[in-house]
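Everything on this sheet refers to the single structure shown next.
Numbering (this note's numbering), first residue to last: 79 to 367.
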């Protein structure tokens, strides 16, 4: 896709972080926006800022893990603008702890947003894009969807799921002869509110208080080297470039220790999984071009 002006982008998790970064970058290209987020106050605040910059924005409070809520998002977007061209299934949460200390509610909290949110996004928007034979779907995974980091089991599982979902969708669209394209965003460490995900955990999935959650996370946290945090604006630039050149895998960081290659080498050579250090999420920003 080369011409963005006047086209419509849907961004879930759009009130902050990478989602807001993408929305801001799309607006700079002249796109109209459908901003979705579960936090109504933050959503309206983000939309106000975008509108002050001249953007045309529709806000829809959305629980991405809920099928009916995602149905409503599609209905509102298509009803308001008549069409959608870029869909960014971006909303995400995380929790930390060793696998044997996690509860069913921990898994439910993470998977319903990070995986079911992507599933629902594809389910409700892909048929429209396919019918118009134009569009691009960007699913936000993580470097944790390509390698596995200790202490983040549900997050790893959800992000690996988002990667394989995207790969499968890519293959099916090509097999169908569709012009709709797919990318999967696998960012390293970006300055977002992901570390404060518990603020959005539904009451019926809460079991531990903040102190207990912090202690559990600390027990499961491996020793890590300092990570380089990049900005949501950089991640958004990577996404825009990928849409323009039809790049499937979107990496925001270099992989200085070759952890991705080491993982695939272990698979091919019957090896054990490599211990993932934080440098997988650090290093220099990926060079554009």
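Idealized CB from N, CA, C, for every residue including glycine.
Sequence-distant partners of residue 121 (beyond 5 residues in either direction) whose C-beta falls short of 8 Å from its own C-beta, in its chain, are 92, 93, 113, 114, 115, 137 and 139. In the structure shown, residue 190 adopts helical secondary structure according to DSSP, grouped into three states. Unbroken alpha helix (DSSP H) runs of no fewer than 4 residues, entirely contained in the region 157-242, are found at 182-192 and 194-210, following chain order. Nearest to residue 258 by C-alpha distance, out of 125, 200 and 268, is 200.
Residue environment analysis places residue 104 among the buried positions, since at least 16 neighbouring C-beta atoms fall within 10 angstroms of its C-beta. Note on residue 351: under 16 other CB atoms within 10 angstroms of its CB, so exposed under the neighbour-count rule. In the DSSP assignment, residue 139 falls within the unbroken beta strand (DSSP E) covering 135-139.
Relative to the Cα of residue 170, the nearest Cα in the group 161, 325, 176 and 217 belongs to 217. Residue pairing by DSSP puts residue 264 in a beta bridge opposite 329. Counting only residues of its own chain and dropping the five nearest sequence neighbours on each side, residue 190 has a CB closer than 6 Å to the CB of 143. Remark: C-beta atoms of residue 313 and residue 262 do not approach each other more closely than 8 Å.
Under DSSP, residue 115 shares a beta bridge with 139.
The continuous beta strand (DSSP E) containing residue 90 extends over residues 86-90. One thing to note: residue 251 has its Cβ no nearer than 8 Å to the Cβ of residue 202.
Judged by pairs of C-beta atoms under 8 Å, the region 147-161 does not touch the region 171-178, as fewer than three such pairs exist.
In this structure, the alpha-carbon of residue 340 lies about 40 Å from that of residue 111. In the DSSP assignment, residue 121 forms no beta bridge with any residue. In this structure, the CA atom of residue 318 is about 8 Å from the CA atom of residue 100. Counting only the Cα atoms, residue 132 lies some 25 Å from residue 320.
Between residue 240 and residue 188, the C-beta gap is not smaller than 8 Å, which leaves the two residues out of contact.
Residue 256 and residue 167 have their alpha carbons spaced roughly 20 Å apart.
Beyond the five residues adjoining it in sequence on each side, residue 155 comes within less than 6 Å, by CB distance, of 88, 112 and 162 in the same chain, given in chain order. Around the C-beta of residue 85, 16 or more other C-beta atoms lie within 10 Å, and the residue is accordingly described as buried.
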